[in-house]
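Here is the structure we will look at, set down as structure tokens.
In our numbering, the protein residues as written are 33 to 426.
And the structure:
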């Protein structure tokens with residue numbers, strides 16, 4: 033956490049926010065960095081800013097090479113279905129075999145390294161929810177060889193979640209360390225924050241705070257943002273935040289959390305089971321869901337693997353299924369709306385059509401909680417997984 037940043041340093045941050053392109057942002061970050069006092073309390077911030085500058089320079093160089101070569105990126109994958117997860121790992125860990133096992137996609141499977149050269153999508157269905165898996169080209173262990181790492185990291189940032197694959201025939205811990213290091217370099221964290229703070233900059237309206245801040249008033253939050261040159265913003269807090277969490281969200285806003293599942297492949301090989309058990313115990317202590325499989329020997333059936341991956345992704349992302357039913361219809365929709373836990377009836381109405389929400393009258397909800405039949409509810413009724421909703425409007 034940055035400690036006691038001087039007013040001079042804080043005042044320079046507004047230039048970082050207002051930078052219009054990468055070169056302008058690099059200059060603003062360098063000026064901000066030069067104004068930060070170097071001591072133990074600012075080490076995390078200084079490292080973060082330096083990584084930002086290095087990453088922006090890499091991106092500029094990559095764009096220059098692409099422009100010179102006249103090549104367009106083919107890495108963007110349109111999201112289809114309800115949840116998108118990117119499969120990442122080093123070369124020859126079994127990503128293509130994993131995609132084949134779970135989906136109808138047919139990527140080439142070869143012992144040759146770096147066979148996959150562009151993202152390959154595939155979809156599987158679990159509990160009426162469509163999951164899109166995207167196999168990314170292999171990450172490079174050597175930091176000096178960027179390869180397609182920046183494009184893969186862009187895929188990861190845009191996805192809902194990650195599936196990290198490691199090969200039990202090698203050193204799985206080394207592979208994980210390489211992947212985590214690369215993710216950190218590109219400001220992607222696998223550790224879920226206890227408190228989520230989102231600052232949305234605005235052109236007017238002053239500073240507005242929504243949520244719980246335990247050690248500061250709204251006025252103090254406003255003073256903090258003003259000291260960084262921020263005059264108009266909406267601050268949304270999930271959880272119980274402190275003033276230092278607000279400051280971290282200002283300076284580390286570009287860092288992003290992605291839930292991840294760790295897949296330990298080639299569990300059928302000699303000695304792999306023991307290795308997998310030790311590693312799984314370590315990872316599970318840190319909250320990572322882990323599954324050990326063999327894509328070739330199919331030690332886990334496609335159905336069981338889909339249940340584990342699909343169920344875990346829904347849980348980690350905090351998603352539930354809501355089925356809708358039109359008035360006078362006998363049956364609900366076959367495909368559910370996939371929404372966040374805590375979703376209310378009026379939020380479902382808004383997802384269906386803004387007019388339905390505007391003219392909302394009441395709703396009927398069929399639920400496992402209500403064994404006696406449908407319950408008549410109002411707009412703020414909180415829904416649960418598997419509920420069926422019929423909305424009536426004026």
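Glycine included, C-beta positions come from ideal geometry on N, C-alpha and C.
Same chain, Cβ closer than 6 Å to residue i, five either side skipped, listed in chain order
i, result
"residue 55", "none"
"residue 218", "185"
"residue 140", "147"
"residue 293", "195, 321, 344"
For residue i, three-class secondary structure by DSSP
i, result
"residue 49", "helix"
"residue 140", "coil"
"residue 153", "strand"
"residue 33", "Unreliable placement is indicated for residue 33, whose pLDDT of 48 sits below 50; the coordinate value is still reported in the next sentence. Three-state result, residue 33: coil."
"residue 78", "helix"
"residue 285", "coil"
"residue 96", "helix"
"residue 328", "coil"
"residue 320", "coil"
Bounding residues of the alpha helix (DSSP H) (the contiguous stretch that carries residue i)
i, result
"residue 192", "Counting along the chain, residue 192 falls outside any alpha helix (DSSP H), and DSSP gives it neither H nor E."
"residue 297", "Per DSSP, residue 297 belongs to no alpha helix (DSSP H); it is in the beta strand (DSSP E), 292-297."
"residue 304", "304-317"
"residue 211", "204-217"
"residue 229", "First-last for residue 229: 228-233, but that is the beta strand (DSSP E), not the alpha helix (DSSP H)."
Option in the options with minimal Cα separation from residue i
i, options, result
"residue 288", "335, 207, 193, 320", "193"
"residue 222", "208, 94, 391", "208"
"residue 237", "245, 248, 254, 226", "254"
"residue 384", "331, 158, 399, 368", "368"
"residue 426", "391, 65, 348, 327", "391"
"residue 116", "351, 421, 191", "191"
"residue 25", "338, 195, 246", "With the chain covering 33 to 426 only, the question about residue 25 has no answer from this structure."
"residue 57", "85, 69, 40", "85"
"residue 326", "302, 313, 347", "302"
"residue 355", "335, 381, 332", "381"
Residue interval of the beta strand (DSSP E) (run including residue i)
i, result
"residue 422", "420-425"
"residue 344", "No beta strand (DSSP E) contains residue 344, which is instead part of the alpha helix (DSSP H) from 334-349."
"residue 244", "239-245"
"residue 407", "407-409"
"residue 301", "Note, residue 301: premise wrong, no beta strand (DSSP E); not H, not E."
"residue 372", "369-372"
"residue 159", "Unbroken run through residue 159: none, as it is neither H nor E."
"residue 381", "Careful: residue 381 lies outside any beta strand (DSSP E), inside the alpha helix (DSSP H) at 377-384."
"residue 67", "Run containing residue 67: none in the beta strand (DSSP E); it sits in the alpha helix (DSSP H), 54-67."
"residue 270", "265-273"
"residue 127", "Note, residue 127: premise wrong, no beta strand (DSSP E); alpha helix (DSSP H) at 127-134."
8 Å CB neighbourhood of residue i in its chain, flanking five on each side removed
i, result
"residue 412", "376, 377, 378"
"residue 46", "260, 261, 262"
"residue 273", "227, 229, 243, 244, 245, 246"
Local Cβ density within 10 Å of residue i, reported as buried at 16 or more and exposed below that
i, result
"residue 33", "Unreliable positioning characterises residue 33 in this predicted model, as indicated by a pLDDT of 48, which lies under 50. The coordinate reading is nonetheless provided below. Exposed is the call here."
"residue 206", "exposed"
"residue 358", "exposed"
"residue 316", "exposed"
"residue 197", "buried"
"residue 424", "exposed"
"residue 170", "buried"
"residue 297", "buried"
"residue 249", "exposed"
"residue 328", "exposed"
Same chain only: Cβ atoms within 7 Å of residue i, ignoring 5 sequence neighbours per side
i, result
"residue 162", "113, 114, 155"
"residue 350", "372, 373"
"residue 406", "396, 397, 398"
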